[in-house]
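A short write-up of the structure that comes next.
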Amino acid sequence: MWTVKAEAQEEYVSLTSAPGYDSGGVKLDPKLITPLPPQQGTPLFKHDCDECKFYGTIMFDGVNGDVWLHERNNGRASLIHRDGSDPPEYQSFPIFSIQWDAQGEFNDALHPLMTAVYGAEWRKALVAPASRVRRWQARGGVE
Numbered sequence: 000m001w002t003v004k005a006e007a008q009e010e011y012v013s014l015t016s017a018p019g020y021d022s023g024g025v026k027l028d029p030k031l032i033t034p035l036p037p038q039q040g041t042p043l044f045k046h047d048c049d050e051c052k053f054y055g056t057i058m059f060d061g062v063n064g065d066v067w068l069h070e071r072n073n074g075r076a077s078l079i080h081r082d083g084s085d086p087p088e089y090q091s092f093p094i095f096s097i098q099w100d101a102q103g104e105f106n107d108a109l110h111p112l113m114t115a116v117y118g119a120e121w122r123k124a125l126v127a128p129a130s131r132v133r134r135w136q137a138r139g140g141v142e
């Protein structure tokens with residue numbers, strides 16, 4: 000007879016309780032926030048992923064382009080800014096790539112994309128594995 004050990008669910012904590020945390024595992028908690036409804040407009044550029052949802056056209060990093068969301072069933076997602084129809088003409092940003100600056104503030108480089116997809120309150124839904132946050136805090140906030 001085989002015994003199957005159930006894998007424990009990882010506990011996540013809000014990053015509002017750990018300003019400056021930068022040790023990975025960050026995701027958006029789907030219980031705290033969901034994406035806004037996709038836009039009904041027409042993208043400027045061709046995008047070849049059937050799983051992505053269109054969120055309008057915005058200026059990002061000095062370039063006008065289309066915003067797309069690619070969600071995964073594990074709570075992770077990627078934001079895509081496409082500024083041309085050719086395959087390499089886009090930038091992709093996994094949610095876990097959001098970083099903090101030296102003062103413990105969110106680096107707002109991705110803020111225009113996050114706001115287009117999740118609305119202005121997106122920071123409140125960022126979470127990370129509790130075990131990693133505790134280790135990070137025990138080290139005095141350094142990796």
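Heads up: the sequence shown at position 32 corresponds to 31 in our numbering, and the numbers run straight through without jumps. Ideal Cβ placement from N, Cα and C applies to all residues, glycine included. Everything numeric in this text was worked out from a predicted model, so none of it was measured.
Secondary structure of K52 (DSSP, three-state): strand.
With the rule of 3 Cβ pairs closer than 8 Å, the segment 42-56 does not count as touching the segment 15-25. If only complete runs of 3 or more residues are kept, the segment 9-62 shows the beta strand (DSSP E) at 11-13, 52-59, in order along the chain. In the same chain as L68, and ignoring 5 residues on each side of it, the C-beta atoms closer than 7 Å to its own belong to P34, C51, K52, Y54, A76, L78, V116, in chain order.
R122 has its alpha-carbon roughly 19 Å from the corresponding atom of R131.
The beta carbon of L112 sits closer than 7 Å to those of F59, V66, L78, H80, F92, all from its chain and outside the five residues before and after it, given in chain order.
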